[in-house]
Amino acid sequence: MQDLLDSWVGLITRHTADPAAADVGRRLIEAWSEPHRRYHCVSHLRDILARVEELAGEAENPDAVRLAAWYHDSVYDGLPDDEERSAVRAEQDLSGLAVAPELVREVGRLVRLTLTHDPAPGDRNGEVLSDADLSPLALPRERYRDNTAAIMAEYGHVPVEVFRAGRARVLVALLDGPGVFRTERGRMRWETPARENLRAELADLRGRHAD
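Residue numbering for the sequence shown follows this note's numbering, starting at 1384 and increasing by one per position.
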């Protein structure tokens, strides 16, 4: 995990000289390493950070997006307020490190945006974070299925039929929206395979085979 901590330190020390910054990073990594996480774990964090780097040129404030990526699932209990609690954690941590208030506000806003993945037109930071977070939808089918199974395992406290119905609603919303991805690079690279995966999973949830 040292490489991940080094990445955090390199990022956060651009915005604070507080010596506690490394400890904040360690606690974040510990949160991402919680044993109940099957999908929203350290490997997901690494993936999303990598995708943010690929898209960083399209962001207005790349470091705000990077920090939001670190915090976006930092609280994950499979509950409706996970995003809000993650945003509050970001705001408390960053404020405690004396990070500029405008950056703290932007990070909190971006973390909350991951509840809907629906950035407003022209929200370049939001588009980059949303696309990075949704990029696993475009993985090869077998890896996509593995991720879906891992997400379902995280919701073991929810009855299977309730989970499937909720999951289907999420997939329909993504498919019926203006586009899964909002950045130009995201659309070009990931839109088609993501839609294929989403349609296949939705067909499975509805008890039939995809065309």
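Ideal Cβ positions, reconstructed from N, Cα and C, are used throughout, including at glycine.
Proximity winner among the options, relative to residue i (alpha-carbon distances)
| i | options | result |
| --- | --- | --- |
| D1386 | H1398, A1405 and N1530 | A1405 |
| L1394 | A1503, A1532, E1574 and A1451 | A1451 |
| E1567 | R1397, E1441 and G1479 | E1441 |
| G1461 | T1575, A1583 and G1539 | G1539 |
Anticipated Cβ contact below 8 Å, residue i with residue j, distance rounded
| i | j | result |
| --- | --- | --- |
| F1564 | L1512 | The Cβ separation is near 12 Å, so there is no contact. |
| N1444 | N1508 | 6 Å |
| R1495 | E1474 | Actually they do not touch by this definition, with Cβ atoms about 10 Å apart. |
Contact with chain C by residue i, beta-carbon distance below 8 Å
| i | result |
| --- | --- |
| T1531 | As a matter of chain content, chain C is missing from the structure shown, which is built from one protein chain. |
Opening and closing residue of the alpha helix (DSSP H) in which residue i lies
| i | result |
| --- | --- |
| Y1454 | P1445 to Y1454 |
| S1390 | Q1385 to I1395 |
| P1484 | P1484 to L1496 |
| V1458 | Element bounds for V1458: n/a, residue is neither H nor E. |
| H1427 | V1425 to L1438 |
| G1509 | R1507 to L1517 |
Simplified DSSP state of residue i, which is helix, strand or coil
| i | result |
| --- | --- |
| H1592 | Legend: pLDDT at H1592 = 41, less than 50; position of this residue unreliable, value from coordinates given subsequently. Residue state, collapsed to three classes: coil. |
| A1536 | helix |
| V1541 | coil |
| P1402 | coil |
| Y1527 | helix |
| S1416 | coil |
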